[in-house]
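Each remark here refers to the structure printed beneath this line.
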Amino acid sequence: MQKRRKISSNRRWEIGGNIVMSILAICAIVPFVLLTISSLTSESAILKNGYQFWPKEWSLDAYAYLLNHWKSIGNAYLISIIVTVTGTVLGIMIISTFAYALSRRKLPGRSILIFILIFTMLFRGGATATYIIYSQIFHIKDTIFALIIPGLLMNGFYVMMFRTFFENSVPGALMEAAHIDGASEFKLFTKIVVPLSLPMFATVGLTLGLSYWNDWTNSLYYISAKHTELLSIQAYLNKVNETIAFLANNDLGQPVPVESIPSMTVRMAIGVIGVLPIICAYPFFQKWFVRGITEGAIKE
Amino acid sequence: MNKKVKKKIRWKVYIPLYFMSLPALIYLFINNLLPLYGLQIAFRKLDYTKGVFNGDFVGFDNFKFLFATSDAWVMTRNTVLYNLLFMVVGTVLSIAVAILFNEVRNKIASRIYQTAILIPYIISMVVVSYLAYAFLSSESGFINNGILKVFGKESISWYTEAKYWPFILLIISQWKGLGYSILMYLTNIMSISTDYYEAAAIDGASRWKQIKAITLPQLKPTFMMLTILSIGRMFYSDFGLFYQIPRNSGPLYSVTTTIDTYVFRALMKLGNVSMSSAAGFYQSVVGFILILGSNLIIRKVSKENAIF
Amino acid sequence: MKRKMLSFLLIAAMSVSLLGGCGNTDEISDTANATVTKDTTETKDTSETEGSQEVSNAGDINFDEDPYTLNVPLMIYGGSQADLQLVQDEINQYILDKINVQIELELINATDLMNVYTLKASSNEKLDLIHVIPVSNTLMPLVTSNMITPMDDLVAEWGQGISDVLGDAIKVGMLNNKLYTLPQNNATIATFAALWFNTELLKKYGLEDEIRNVKTITDIEPMLTLMKENEPSIIPYSSENPSMGYTNVIKEVLYDKLGNGYGSIEIGSDDTYKVVNYYESEDFMRKCKLMRDWYVKGYISKDTLTSQETGFDMLKAGKVFCMIGIASPIDENTLDNPNSESDVRILWKLEDYQALLTTTDYSHDGWAISSSCERPDKAMQFLNLMYTDSTLSTLMQRGIEGQHYTVTADNYAELNREGGYWHILGQIGNPRLMLPLVDSGADYWERIEIAEKETIFSPAFGFMFDSSNYANELAACEAVYAEYYSVIECGAVDPEVEIPKFLEKLKAAGIDTLIAAKQEQLDAWVAANGK
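So the sequences go chain by chain: A, B and C. 58 is the number of the first residue of the first sequence in our numbering; add one for each residue after it. 6 is the number of the first residue of the second sequence in our numbering; add one for each residue after it. 3 is the number of the first residue of the third sequence in our numbering; add one for each residue after it.
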C-alpha cells in the first residue's frame, strides 16, 4: 500500500515537472525561432508586413551578405573563439584555485582576503584609470591580450560561487581522511575536490565563456579603428548597431556608405550566428554536469 | 619548544594555499586595486591641463545632479523596487524550477529542456530588444496582430502606456535569466546524496515532504550567498534591459528610468566624466554598505552562511 | 563590468548625438573669389602651389628644426581605409617644404569620437588636433575640461589665411570671447526641411499635379486621406528620423534656439534679443495640434518613435508615402527636375517655409587644438594651410586624383567608391576650394551664390551659450525634454494636456534659471559686438 502511494507521488511530480519544463522550454525558444525566421525573411517583407512566424517572402539575402563579408566575419569568429577559449581556461584555473584556498576555513587571513574580494567587486576605479594602467604600464593596447585580461579574467562572483560549493558540497570527512593520509593541499584539490566539482566547473565555465563571447567593451577601449582584424563577433555587431544609430540620428549631407549599414535581416542573421556556437558547445558542458553527479554519487 | 614546532607546521601547511591564491591576487591587484586611485575623479574638477587626476578638489559638487530633481528620486525608487521585485520573483522561480527540473527522470528530455531555457540567456540584449519590438510593436507586432486582433480586442500602444511595463520588464528579465539562475541551484541539488531521499521514502514521506525537508534546507547556503550579492547590487540595474527594451520611449520614463539610464540620458548631451564617475561611486558606496549590513544580519542568524 | 559599460556608454554616446545637418551641402566653390583657381591637374608632383592662396607668413616658419609630426584625426564609419598610408605619404610629401610638418592620420570611428579623445587626453597619449563633431554638443565639455586651448593668439600669429577665408564667420567658434574652434568654410546657407514623396505611389494615384500645388503643409492633407483610405498598410506621413521632428515644415514664426532650446529668441519680434521659452509659444502649440490631428486620423504611424528603420529606408521600400527630411536650399524640386533618385522618391520644397541660419547650424564641424599638443604653433600652421590650400584640402577629404576620385568634363569630382580611401566624415579642409561633387547638380556655384544672398541670418549668429555653471539645470531639463518632447511633437499625445505638464516640469528643472543666464550672456554679447 505504502509503496504504491510513494510511486504515484513521485510519478505525479515527474509528470508535473515535465509539463512545466516543456512550457518553459517552448517559451524560451519561440523568440529565438522568430529571430531565425526573421533572418530568413526578405527585407521588404519585414518592412511591409512586420515580423511574422511565416513570412510572405523568404530570402537568403542576409546570409548571402554575410558570405560576401566572410573575410571580416570569419576573422571575427576566429578572434571570438580564441579569446573565449583562452580566457575561459585561464580564468577557471585562477578562480577555482583561489576559491579553494578561501574555502579552507582554517586559513589565516581568510576573512581579510574575502573582504578584499568583495570590496573589489563593488568598488571600481573607473574605466579611465583601468585604461591607463593597461595601456601605459602593460602596453597591451591593440593586442589580443587586451581582449582577454581586462575585467573578465577573474570575477569575484565566480570565486564566491566556487567557494560556497567547495565548502558545502564536498564532504568534509573525505577531505580529512585524505589529509591524514598525508596528501598536500594541491593533491587534495586536484584529486578529490575537482572531480567532485565538475558541475560547478561546467557552470562557471559556461558563464565565463559567455561573458567573453558577448563582450564588446574591451574592443571598444583597447582596439583602435584601424585594427579591424582584432574585432570579435559581438564587437562587430555592436559597431554595426552603433553606426546605424549614428546614421539614424544624424543627417550628414554626405553620401552614405551603404555597405556599412546592414539591413535589419542581416542584423538578425548576425544575431543568429553569434549564438549558434554557444548552443552547439553547450551539450559538451552538459556531459560534465552529468558525469560530475554520477561520479559524486558513486563515491558517496 | 613545542609551541615553536607547532607554528612551523601550520605555515608549511598553508603556504601551498597562498601559492594557489597568488595568480588571483596578482590579478586583483592589477585589475581592481590599482585603478582605485581613479575614484578621485568623482571628487575633482575635470581639467586636462592639470591632468585628469590633478584637478581641483571640489568635494561633492559632482554628486549634486544625482539628487537635484524629483526625477532623481524616481530613478532611485525604480532601481530599488525593480531589484527587489526581480530578487523575490527570481529566487522563488529559480528554486521552484530547479526542483521541478530535478524531477524529470528522462535524461534526453532533461538535456533538451536545459539547453532550451538557456538560449535566452545567450542572446544579447540588443537582439532581445529587436525581438521585444517584434512582439510589442503597435502596428506590426505579434501581440497586437496575432493575438488581440484575433480575439477582437483593440490594439494596445505598448510603447506609450507606462502601466504595463513593470510586468513586461519582469517577464523579459526572468525569461532571459531563468535558464542561468537555476544552474546554481541545480548544481546544489544534484550534489545532494540520494541516500537522504531513499531513507525518507522508506519512512513513508511523500515527494513534497522530501523536498521540504531535504532539498530546501540544503539550498540555504546558495540562497544566502546569492541574496547577499543581489542586495549588494541593489542600486545597479541591467542597462540593456531598461534602456534598449523600452526603446527610449518618453512616456515610459516614469517606470523605466533607473540610476544607470538616468545618468546616461542626462550626460549624453553633457559628457562630464566626473559626474559619471560620481554616479558610479554613489552606487558602489551604497552597494557596499548594503552588503556589509546584510552580511552582519546573516551572521547573527546563521554564522556559517555569512560571506565573511 | 557594469560600471565600465556605463562610463563607456556615457562617453561614446556623446558622439551619437543630434547633428541635424553636419556639413549641410557638399563641397562648394566660390567662383566670386577670383584668386582661387581650380586645381584640376594631378598633384602627384609636389610642384608649385598652383591653385592655393599663398600662405602669407611662410617666411616665419623655422625650417632648421626637425619636422614636427602632427597627429590628425580622421573620422570614418568603420572598416579601415586601405589606402590610408598612401594618402598620408602623398600629403606629407606635399606639405614638408611648406610648413615643415609631417602628419600621421589616425582613424577614429564616428561613434567613438569623444571616447577616444577622453582616453587619449587622460593617459597622455599624443593628441594634437581635435575634430569637433558636432560642435553644439561636444564643445562645452571640451572647453570646461580644458581639453582644448583658446586659439586667438595662434590665429593672429599663424592663421592669417584662416581669418581671411572665414572673415566674420570665425566668430561662430568663439565662446566667452575666446576662440576655441575653427568652423568650416561652408556656404552660409541654412538647410531646409522639405517633403519627400514615394514615386510609385505618387504615380499610381496620379498626384503629380496636386503636388505641384502644394505650397504649405496642410495642402497635403487630402493626399494623406487618400492614402489612408486606399492603402491601409502604408504610413501616410513620417519623418526621416524621430530626432528630426515632424513639424519643421510648418510655417512658423522663426525662433533661434540659441543652442539647446532652453531659451530662444523670436526672429522679427520687436524686442530682438529677448530670451523666451519657445515651448510656451502659440506656435509650438499650433504645430503640435496639427500633428495630433494627423496622428489621431492615422496618418502618422503609432510606431513612429520606436521604429528601427530609417525614414529613407521605409520611403524607398514603399512603406511610407510622404516623409519630412533635410534638404538644402539649392536642391531643386525633383518632380520637374528629375535626378538619379527620381524613380524612387521625389523632393518637394514648400514655398512658405523659410530656413534660419543660426550659430548651431553653421558650426557643425570644428577644428580645435588639444591642450596637450606640444607644438600648437605647428598645429595652427597646418590648419592654416588646410584652409587655404586646395591641394591639401582635396587630398585629405577626397584622396588622390585618379585613384579615389576622377574629374569630369565640367569640373565636377566623381568619387570612386571602390577606391581605398573614401567617405571621410565631416569636413576637412576648405570646401570652397574643392570641386563640387557630381551629384550636386548643374550651375552649382551660381545656385549657392543665390542661396547665400537669400539666407536669413539670426541676429544672434555668432553667440554661443556658456553652460558650464548650469550643468545641473541643463541635465535636468534634458531629462524632461527627453520624456515629453518627441511624444508631444509627433502627435502621440494630446498637446492641450501634455504641454502644460511639460512646461511645469521644465520649470521645476530650472529652465527659468537657464533663460535668465542666457539673457545675461546674450546682452553682454550684444554689447561687446556693438549690435
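Beta carbons: idealized from backbone N, C-alpha and C, even for Gly.
What's the C-alpha gap between leucine 337 of chain C and proline 244 of chain C? 26 Å
Fully enclosed by the segment 159-195 of chain C, which alpha helix (DSSP H) runs are 4 residues long or longer? 162-168
So with CB distances below 7 Å, who are the chain C contacts of asparagine 277 of chain B? Pro143 and Ala473
For threonine 362 of chain C and proline 75 of chain C, the rounded distance between their alpha carbons: 22 Å
So with CB distances below 9 Å, who are the chain C contacts of proline 171 of chain B? Here the premise fails: no neighbours, minimum Cβ distance about 17 Å.
Positions along the segment 127-155 of chain B whose CB lies within less than 8 Å of some CB in chain C: Tyr135, Tyr138, Ser142, Ser143, Glu144 and Ser145
Cross-chain neighbours of serine 75 of chain B in chain C, by beta carbon under 8 Å: Ala510
Give me the subset of the segment 369-391 of chain C whose CB atoms are less than 9 Å from a CB atom of chain B, sorted by chain position. Residues Ser372, Ser373 and Ser374.
What are the boundary residues of the beta strand (DSSP E) that alanine 329 of chain C is part of? 322-329
With 16 other Cβ atoms within 10 Å as the buried cut-off, status of glutamate 311 of chain C: buried
Partners in chain B for leucine 307 of chain C, counting only beta-carbon separations shorter than 9 Å: Tyr164, Thr165, Arg252, Asn253, Ser254 and Gly255
Environment of alanine 187 of chain A [buried if 16+ CB atoms lie within 10 Å]: The residue asked about is misnamed: residue 187 of chain A is threonine in this sequence, not alanine. By the 10 Å Cβ count, threonine 187 of chain A comes out buried.
Following the continuous alpha helix (DSSP H) through glutamine 399 of chain C, name the residue where it begins and the one where it ends. 392-400
Please list the residues of the segment 165-189 of chain A that have a C-beta atom closer than 8 Å to any C-beta atom in chain C, keeping them in chain order. Arg181, Gly183, Ala184, Thr185, Thr187, Tyr188 and Ile189
Three-state secondary structure (DSSP) at arginine 69 of chain A? Helix, per DSSP.
Glutamine 240 of chain C - containing alpha helix (DSSP H), residue span: The residue you asked about is not glutamine; residue 240 of chain C is serine in the sequence shown. Careful: serine 240 of chain C lies outside any alpha helix (DSSP H), inside the beta strand (DSSP E) at 237-241.
If we call anything under 8 Å between Cβ atoms a contact, is leucine 260 of chain C one with phenylalanine 467 of chain C? Contact: yes.
Proximal residues of chain A, C-beta to C-beta of isoleucine 125 of chain C below 7 Å: The question names isoleucine, but residue 125 of chain C is serine in the sequence shown. Simply Tyr188, Ile189, Ser192 and Gln193.
How many whole angstroms separate the CB atoms of proline 125 of chain B and alanine 85 of chain A, which I take to be in contact at a CB cut-off of 8 Å? 5 Å
Compare the C-beta of asparagine 232 of chain C against all C-beta atoms of chain B and say whether one is closer than 8 Å. no
With C-beta atoms as the reference, is proline 497 of chain C less than 8 Å away from lysine 291 of chain C? The answer is yes: Cβ separation under 8 Å.
Minimum Cβ-Cβ distance from aspartate 114 of chain C to chain A less than 8 Å: It does: the Cβ of aspartate 114 of chain C has a partner Cβ on chain A nearer than 8 Å.
Helix, strand or coil: which one does DSSP assign to alanine 326 of chain A? helix
When Cβ atoms are compared, which residues of the segment 32-57 of chain B fall closer than 7 Å to chain C? Leu51, Asp52, Tyr53, Thr54 and Val57
Within a Cβ cutoff of 7 Å, which residues of the same chain sit near leucine 183 of chain B, ignoring the five residues on either side of it in sequence? Leu98, Ser99, Val102 and Ile122
Can you check whether the C-beta of asparagine 111 of chain C is within less than 8 Å of a C-beta belonging to chain A? yes
When you compare only the Cα positions, how much space is there between serine 160 of chain B and alanine 206 of chain B? 53 Å
Residues of its chain near serine 9 of chain A, where Cβ-Cβ distance is below 6 Å and the 5 sequence neighbours each way are ignored: The structure shown does not extend to residue 9 of chain A, since chain A is modelled only from 58 through 357, so no value can be given for it.
Please classify glycine 310 of chain A as buried or exposed, where buried requires at least 16 neighbouring CB atoms within 10 angstroms. Caution is warranted here: a pLDDT of 44 is assigned to glycine 310 of chain A, below 50, making its placement in the model unreliable, and the coordinate value is therefore given only provisionally. Its Cβ being crowded by 16 or more others within 10 Å, glycine 310 of chain A is buried.
Assuming arginine 449 of chain C contacts isoleucine 332 of chain C (C-beta within less than 8 Å), just tell me the rounded distance between them. Right, the Cβ-Cβ distance comes to about 4 Å (below 8 Å), so this counts as a contact.
Output yes or no for whether 8 Å exceeds the beta carbon distance between leucine 256 of chain C and tyrosine 239 of chain C. no
Do you know whose CA, among C:Arg377, C:Leu394, C:Gly422 and C:Ser344, lies nearest isoleucine 536 of chain C's CA? Nothing can be reported for residue 536 of chain C, as the shown portion of chain C is limited to 3 through 533.
Let's test the definition: count the other Cβ atoms within 10 Å of the Cβ of alanine 415 of chain C and tell me whether it reaches 16, buried, or not, exposed. buried
Considering only residues of the same chain and omitting the five flanking positions on each side of asparagine 193 of chain B, which have a CB-CB separation below 6 Å? Leu224 and Thr227
Taking one C-beta from the segment 485-497 of chain C and one from the segment 361-381 of chain C each time, how about it: are there three or more such pairs within less than 8 Å? Contact between the segment 485-497 of chain C and the segment 361-381 of chain C is absent: fewer than three C-beta pairs spanning the two stretches fall below 8 Å.
For the segment 94-123 of chain B, enumerate the residues whose C-beta is nearer than 9 Å to any C-beta of chain A, in chain order. Ala101, Val102, Ile104, Leu105, Phe106, Asn107, Glu108, Val109, Arg110, Asn111, Lys112, Ala114, Ser115, Arg116, Ile117, Tyr118, Gln119, Thr120, Ala121, Ile122 and Leu123
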